[in-house]
Amino acid sequence: MNNFREQNPSKREIDKVVSKYQNHKSDLKIDFNNRCGYCDDHATWRSSFYEIDHFVPKQYLSGKEITDYGNLVYSCRYCNNSKRAKWPTGDKNNPNDGKAGFEKPWTSDYSNIFRRDDKGRIVSDSDLGNWMIKNLNLGLKRHSIIWQLDKLKSVVEQIKTHYESKESIDPKIEFLLEYIKLNEMLRDNI
Ligand SMILES: [Zn+2]
22 MNNFREQNPS KREIDKVVSK YQNHKSDLKI DFNNRCGYCD DHATWRSSFY EIDHFVPKQY
82 LSGKEITDYG NLVYSCRYCN NSKRAKWPTG DKNNPNDGKA GFEKPWTSDY SNIFRRDDKG
142 RIVSDSDLGN WMIKNLNLGL KRHSIIWQLD KLKSVVEQIK THYESKESID PKIEFLLEYI
202 KLNEMLRDNI
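Dropping the structure here:
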């Protein structure tokens, strides 16, 4: 696996019949590790609640297919709004023709299409990857910023662990730890 994301979503086979596709949201959140299936942004850094994308757009589906868990993707607003009903093959059984269209975002094939440059920007060496970057707007600056924040977060965790075990610490560090704690509370509880 390349460096596009640390973990692939592990999508369970859920055949529970639901009246609304939105009823699958909590399971999608778990299976997609609380990240957008397309850009891998963690919901921690969201500026709005995450949404549910129909991988094969609704207009190609009928009846129970609309609520079929297997076709749903946990998605940020940016990717969902960019994808909309795009489906260039016009065939619900064929997501792409090798050059245009989509790859299923919960697969390792999807991860392998992309990689990150040194600033965390999503890049690809394939036609299909570049088609998706353009059509999902994966070049948005927020995606590389969030990738960098994810990396910094693990360093902050180490700093926190280091100082939390100390009996007396510099008041400036205490302020920093408090700042981090309050930010985390805000992010985790809304
Ligand atoms: Zn996204």
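Numbering-wise (this note's numbering), the sequence shown opens with residue 22 and increments by one.
Even glycine gets a Cβ: it sits at the ideal position worked out from N, Cα and C.
Note that the coordinates shown come from a computational prediction; the quantities given were computed from them, not determined experimentally.
- Judged by DSSP secondary structure, glutamate 72 falls within the beta strand (DSSP E) whose first and last residues are 72–75.
- When the Cα atoms are used, isoleucine 167 and aspartate 62 turn out to be separated by approximately 6 Å.
- Three or more Cβ pairs drawn from the region 59–79 and the region 95–109 lie within less than 8 Å of each other, which places the two stretches in contact.
- Here the distance from the Cβ of tyrosine 131 to the nearest heavy atom of ligand 1 is not below 7 Å.
- Judged by their CB atoms, lysine 32 and tryptophan 108 are not nearer to each other than the 8 Å cut-off.
- Around the beta carbon of serine 165, 16 or more other beta carbons sit within 10 angstroms, so the residue counts as buried.
- Relative to arginine 137, the option among Lys120, Lys104, Lys172 whose CA is nearest is Lys172.
- No Cβ-Cβ contact shorter than 8 Å links alanine 106 with tryptophan 152.
- Across the set Leu93, Thr88, Lys113, Thr110, the C-alpha of Leu93 shows the shortest separation from the C-alpha of tyrosine 71.
- Exclusion of serine 31 from the 7 Å shell around ligand 1 follows from its C-beta lying no nearer than that to any non-hydrogen atom of the ligand.
- Looking at the DSSP output, asparagine 92 bridges to nothing.
- For the pair of segments examined, the region 37–48 was found to touch the region 76–96: the number of CB pairs separated by less than 8 Å reaches three.
- Glycine 119 and aspartate 146 have their C-alpha atoms spaced approximately 13 Å apart.
- Counting the other CB atoms within 10 Å of its CB gives serine 189 a total below 16, which places it among the exposed residues.
- In this structure, lysine 41 keeps its C-beta atom at 8 Å or more from the C-beta atom of tyrosine 95.
- Assigned with DSSP and collapsed to three states, serine 145 falls in strand.
- For arginine 98, there is no enclosing beta strand (DSSP E); the residue is part of the alpha helix (DSSP H) that begins and ends at 98–104.
- Here asparagine 24 has Arg136, Arg137 as same chain residues with Cβ atoms under 7 Å from its own Cβ, once five neighbours each way along the sequence are excluded.
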